[in-house]
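Enquirer:
Residue numbers (our numbering): 712 to 1098.
#1: To the nearest angstrom, report how far apart residue 722 and residue 856 are at their CA atoms.
#2: For the stretch 951 to 1030, list the beta strand (DSSP E) runs that are entirely contained and at least 3 residues long, ordered along the chain.
#3: For residue 762, is the classification buried or exposed, using 16 other Cβ atoms within 10 angstroms of its Cβ as the cut-off for buried?
#4: Quick check on the DSSP output: what are the complete beta strand (DSSP E) runs of length 3 or more inside the stretch 756 to 795, in order along the chain?
#5: What's the C-alpha gap between residue 1038 and residue 952?
#6: Go to residue 1080, then tell me how far its alpha helix (DSSP H) extends in each direction, as first and last residue.
#7: DSSP three-state label for residue 892, please.
#8: Taking residue 991 as the reference, give the member of 900, 1083, 956 and 787 with the closest Cα.
#9: Within 10 angstroms of the Cβ of residue 853, are there 16 or more other Cβ atoms? Answer buried if so, exposed if not.
#10: DSSP on residue 746, reduced to helix/strand/coil?
#11: If you follow the beta strand (DSSP E) that residue 941 is part of, which residue opens it and which one closes it?
#12: Anyone know if the C-beta pair for residue 774 and residue 895 falls short of 8 Å?
#13: What separation, rounded to the nearest whole angstrom, lies between the Cα atoms of residue 865 and residue 948?
#14: Spell out the partners DSSP gives residue 883 in its beta bridges.
#15: Given this structure, state the Cα-to-Cα distance separating residue 1064 from residue 1079, to the nearest angstrom.
#16: Between residue 863 and the ligand MG, is there a pair consisting of the residue's CB and a ligand heavy atom that are separated by less than 7 Å?
#17: For the alpha helix (DSSP H) holding residue 915, just list the boundary residues, first then last.
#18: CB residue 796 to CB residue 830, shorter than 8 Å?
#19: What number of angstroms, rounded off, separates the C-alpha of residue 890 from the C-alpha of residue 979?
#20: Let me make sure I understand the geometry here. Which of 1012, 1021, 1008 and 1027 has the alpha-carbon closest to that of residue 998?
#21: Could you check where the alpha helix (DSSP H) with residue 812 kicks off and where it finishes?
#22: Taking all protein chains shown into account, do 16 or more other C-beta atoms lie within 10 angstroms of the C-beta of residue 958, making it buried, or fewer, making it exposed?
#23: Look at residue 873 and residue 973 and say whether their C-beta atoms are less than 8 Å apart.
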């Protein structure tokens, strides 16, 4: 039965969203019912799913209020990575060794990566969110901000419901992610794996299903088996800071010739890599490989992804990073002022929100080069004063 419903799901357009957003919610539900029927979902499942559905104003409030956290990499990583969490991850690695071995064999994904996201997303399944998933998805699908994203997720949730894999009482994150590794319904429908052999894919209650589904999703997004994702490195004196950042890649063997050295082992893969300085030249440094970029398909935040990648290396035996002594972070008002100045100079920094996103980092680095400052992409008060 799952294969039949899945084939129907895959036959749908990638962004099926015929229902009009906004307006009367009851009329919107009728439109979504029609889409579900057109997708071949049995009438009983359609009726069960949509009857009694409602909007959740908390979801819209969370959606409007969201923003990438302003914590620095050091602050964020130290908040998320504790001795207890590391010990729990290592214990889970042992108790579910067969599943992690299977994830590596079938999908090429390292156990450290899966454990890191399992820990950060739901604290190993303990905290999965308290928003009713059906109502959250319908609320966001009806809202006109991103209907093209969430209407297909509603259809996928209906199809999962028809399979017996989505209970109407399901709760999760405000944006509709479900289960122990927080996946959206369409990803579960198309990439979900029955890890415990019970004939169902239930990411809320089965760590086996959740972990193997997460591994399958990463493989789908381009994860490459047997390759590293990130390693901590030290940099030589006189290093060209302008060569740091995700926009610059060269083989790790070339970086090694320039004096970049790993804390453990040698750089000898020949794979393209980028030198990352999350808090500038006075803080920790990492070499990021192609697999690191795949992790942005899981979460778009640079600080979150780097913290997860680093935690994964710790789980697999890497030492704690060398924190260094970075220059202080600018205040929120100072960051907004900096962004205004960068924007006035013609840089695309996106919204003036005080967040050090990719556009702001790139602009900072370019202005540092122009002004003859160390071009490590970390905004300082000296840079702000010169601008």
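Don't be surprised by glycine CBs; every beta carbon is placed ideally from N, CA and C.
Quantities reported herein were computed from a predicted structural model and do not represent experimental measurements.
Expert: Considering the structure as presented:
#1: For the purposes of this step, residue 722 is identified with residue 11 of the chain shown, where counting begins at 1. For the purposes of this step, residue 856 is identified with residue 145 of the chain shown, where counting begins at 1. Any reading at residue 722 needs caution, since the residue's pLDDT is 47, under 50, leaving its predicted position unreliable; the model's value is listed next. Rounded to whole angstroms, residue 722 to residue 856 spans 26 Å at the Cα level.
#2: Within the stretch 951 to 1030, the complete beta strand (DSSP E) runs of at least 3 residues are 983 to 987 and 996 to 999.
#3: Here residue 762 is taken as the residue at index 51 of the chain shown, counted from 1. The C-beta of residue 762 has fewer than 16 other C-beta atoms within 10 Å across all chains shown, which makes the residue exposed.
#4: Segments of the beta strand (DSSP E) lying fully in the stretch 756 to 795: there are none.
#5: The sequence position of residue 1038 within the chain shown is 327, counting from 1. The sequence position of residue 952 within the chain shown is 241, counting from 1. Across the structure, residue 1038 and residue 952 are spaced so that their CA atoms are roughly 15 Å apart.
#6: The residue labelled residue 1080 in the question sits at position 369 within the chain shown. Looking at the DSSP string, the run of the alpha helix (DSSP H) that includes residue 1080 is 1069 to 1082.
#7: The residue labelled residue 892 in the question sits at position 181 within the chain shown. Residue state, collapsed to three classes: coil.
#8: Sequence index remark: in the chain shown, residue 991 carries index 280 (1-based). Checking every option, the nearest Cα to that of residue 991 belongs to 956.
#9: Within the chain shown, numbered from 1, the residue matching residue 853 stands at position 142. It counts as buried.
#10: For the purposes of this step, residue 746 is identified with residue 35 of the chain shown, where counting begins at 1. DSSP places residue 746 in the helix class (H, G or I) of the three-state scheme.
#11: Within the chain shown, the letter at position 230 stands for residue 941. Its beta strand (DSSP E) spans residues 941 to 945.
#12: To locate residue 774, count along the chain shown from 1; it is residue 63. To locate residue 895, count along the chain shown from 1; it is residue 184. No. Outside cutoff.
#13: For the purposes of this step, residue 865 is taken as the residue at position 154 of the chain shown. For the purposes of this step, residue 948 is taken as the residue at position 237 of the chain shown. Looking at the backbone, the Cα of residue 865 and that of residue 948 are separated by about 54 Å.
#14: Working through the chain shown from its first residue, we reach residue 883 at position 172. DSSP, once it has assigned bridges, lists 842 as partnering residue 883.
#15: Position 353 of the chain shown, counted from the start, is the residue given in the question as residue 1064. Position 368 of the chain shown, counted from the start, is the residue given in the question as residue 1079. Residue 1064 and residue 1079 have their C-alpha atoms some 21 Å from each other.
#16: With respect to the ligand MG, the structure offers nothing, as it holds no ligand at all.
#17: As a working note, residue 915 is residue 204 in the chain shown. Segment: none, residue 915 is in no alpha helix (DSSP H) and carries neither H nor E.
#18: Your numbering for residue 796 matches position 85 in the chain shown. Your numbering for residue 830 matches position 119 in the chain shown. Yes.
#19: Position 179 of the chain shown, counting from 1, holds the residue named residue 890. Position 268 of the chain shown, counting from 1, holds the residue named residue 979. Taking the straight line from one Cα to the other gives about 38 Å.
#20: Position 287 of the chain shown, counted from the start, is the residue given in the question as residue 998. Nearest to residue 998 by alpha-carbon distance, out of 1012, 1021, 1008 and 1027, is 1021.
#21: As a position in the chain shown, residue 812 is number 101, starting the count at 1. Residue 812 -> alpha helix (DSSP H) spans 808 to 818.
#22: The residue given as residue 958 occupies position 247 in the chain shown. Burial call: exposed.
#23: Taking the chain shown and counting its residues from 1, the one referred to as residue 873 is at position 162. Taking the chain shown and counting its residues from 1, the one referred to as residue 973 is at position 262. No, they are not a contact pair.
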